[in-house]
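Numbering (our numbering), first residue to last: 24 to 168.
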Amino acid sequence: MQAGNHKKEHRITSISRYASSKNLKETSRDRLHRYVMRTILSVCLGIAVLCFAGVIHGEIALKDYQAQIKAAVMARNNEQKQVDHLKNQVALLHDDNYLLKLARGRYYLSKKNEIIFSTPEDNDSIQAKNLNKAYLQAQESQTSK
């Protein structure tokens, strides 16, 4: 009988030991659950950060491209103005009256037996500008002495 009693004694466990082993299982299960949840949360947070960084990079690139487009449009408009001006000049050069006026005004070409007098008020010749600069420099050097 003692052998039978001995088996029964092994099957009997105290409630505190049973509760502590059950708490240990639940605690380890809770720990595993928290670890899994933290891992999932970390992965989701990492993906969100990468997506946000991609959006920010896209916005910066978009602003850069818009600035480049604006600069290109301004350059195109300036070039178009220059082309229009040159077309106007070409059209004027095909006009005989304009050519005659240009030749008489800039290059002092005259008709036969015609005398042209040039005054500094009538034109902005290089010689008049140079004489004016030399005169002003001479006056400045005299006043500074």
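In this text, a Cβ means the ideal position worked out from N, Cα and C, and glycines have one as well.
Through-space distance from residue j to residue i, alpha-carbon basis
i: residue 98; j: residue 167; result: 46 Å
i: residue 81; j: residue 87; result: 10 Å
i: residue 161; j: residue 115; result: 42 Å
i: residue 70; j: residue 105; result: 52 Å
i: residue 24; j: residue 48; result: Its pLDDT being 44, under 50, residue 24 is placed unreliably in this model, and the value from its coordinates should be taken loosely. Rounded to the nearest angstrom, the two C-alpha atoms are 35 Å apart.
i: residue 163; j: residue 93; result: 47 Å
i: residue 72; j: residue 57; result: 22 Å
i: residue 138; j: residue 112; result: 29 Å
i: residue 109; j: residue 157; result: 35 Å
i: residue 62; j: residue 77; result: 23 Å
i: residue 101; j: residue 107; result: 10 Å
i: residue 140; j: residue 165; result: 33 Å
i: residue 51; j: residue 84; result: 49 Å
i: residue 74; j: residue 67; result: 11 Å
i: residue 159; j: residue 89; result: 50 Å
i: residue 95; j: residue 103; result: 12 Å
i: residue 118; j: residue 79; result: 59 Å
i: residue 132; j: residue 121; result: 13 Å
i: residue 124; j: residue 135; result: 15 Å
i: residue 126; j: residue 91; result: 44 Å
i: residue 64; j: residue 44; result: 30 Å
Classification of residue i by the beta-carbon crowding that lies within 10 angstroms, buried from 16 upward
i: residue 60; result: exposed
Just to confirm the assignment: which complete beta strand (DSSP E) runs, minimum length 3, are found wholly within the segment 62 to 130?
The segment 62 to 130 contains no whole beta strand (DSSP E) run of 3 or more residues.
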